[in-house]
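What follows is one structure encoded as structure tokens, with my remarks underneath.
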Amino acid sequence: MTTQQFPITHHGAYRWLGLALGGRSASIDVGATDIEVRYGPWFHARFPRSTVREATADTHRYLSRGVHGWGGRWLVNGAGTGLVRIALDPVQQARTLGVKVKLRELIVNVDDPDALIGALV
């Protein structure tokens, strides 16, 4: 299996700001054994595919854009649509601005959420 790359998309007023702040390198890459998520210098995670317990569409409307998290739950997005919720077990590690953080749930947005979900499960 080759790596599938799903860019984290930016829409609306946040498009230019998000791209200027590192969103040009924002993506989730799904490989045969690992998944890597990047959002410029703000967020980086690499974890085994085997830790993905669930990947589902998330219809919640988040007002925030960028990288936000607390207690192991992280939102990494450039838009409020195309959101996918990824539950991990066991808890993994990510980095935000180089600082290690827990990662038990990740919410990202992409243009084709169904394709990302299909690649993850």
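Per our numbering, residue 16 is the first one in the sequence shown, and the count goes up by one each step. Cβ coordinates follow ideal geometry from the N, Cα and C atoms, glycine included.
Practice item. Grab the span of the alpha helix (DSSP H) containing residue 129 for me, first residue to last. Key: If you look at residue 129, you'll find it in the alpha helix (DSSP H) that goes 128 to 135.
Review point. Is residue 76 helix, strand or coil by DSSP?
Key: In the three-state scheme derived from DSSP, where H, G and I count as helix and E and B as strand, residue 76 is classed as coil.
Point to revise | residue 18 in three-state terms, based on DSSP | key: In the three-state reduction of the DSSP assignment, residue 18 falls in the coil class, being assigned neither a helical nor a strand state.
Practice item. Can you grab the Cα-Cα spacing for the pair residue 121 / residue 48, in whole Å? Key: Inter-residue distance for residue 121 and residue 48 is about 18 Å (C-alpha atoms, whole angstroms).
Check your understanding: With 16 as the cutoff for other CB atoms within 10 Å, does residue 85 come out buried or exposed?
Key -> Per the 10 Å Cβ criterion, exposed.
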